[in-house]
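Peer 1: In this note's numbering, the protein residues as written are 315 to 413.
Below is the structure I would like to discuss, written out as structure tokens.
Here you go:
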């Protein structure tokens, strides 16, 4: 599965949080799940989406390479997209870590 674009993830997060309690709960569950699975990827989501930082700023704050931020941001977007849509399909597969 190709990772959704930043615009698609932003729209997804906005839709999730558009005053809808159930949507907020799903977002919280997805972010909690991501944090449990990979705290660094979760931190990248927090800094990029909630903190408004760009790739370079995120890399500087986290003291990791810009390339790592880009790669893990792509993976996290796909993970959040999957978490949001997993009830809409029978696909129960997991995403493989690409290191």
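By construction, the Cβ of each residue, glycine as well, lies at the ideal position given by its N, Cα and C atoms.
Below 8 Å on the Cβ atoms is my guess for residue 369 versus residue 384; work out the distance and round it to an integer in Å.
Peer 2: 6 Å
Peer 1: Note down, in chain order, each residue of its chain lying with its Cβ closer than 8 Å to the Cβ of residue 371, except the 5 sequence neighbours on either side.
Peer 2: 361
Peer 1: Is the CB-CB distance between residue 398 and residue 340 below 9 Å?
Peer 2: yes
Peer 1: Of all the alpha helix (DSSP H) runs that stay within the bounds of the region 343-379, which reach a length of 4 or more residues?
Peer 2: As for any alpha helix (DSSP H) of minimum length 4 sitting wholly inside the region 343-379, the runs are 353-359, 369-376, ordered along the chain.
Peer 1: How would you label residue 386, buried or exposed, when you count the other beta carbons within 10 angstroms and need 16 or more for buried?
Peer 2: It is buried - the Cβ of residue 386 has at least 16 other Cβ atoms within 10 Å.
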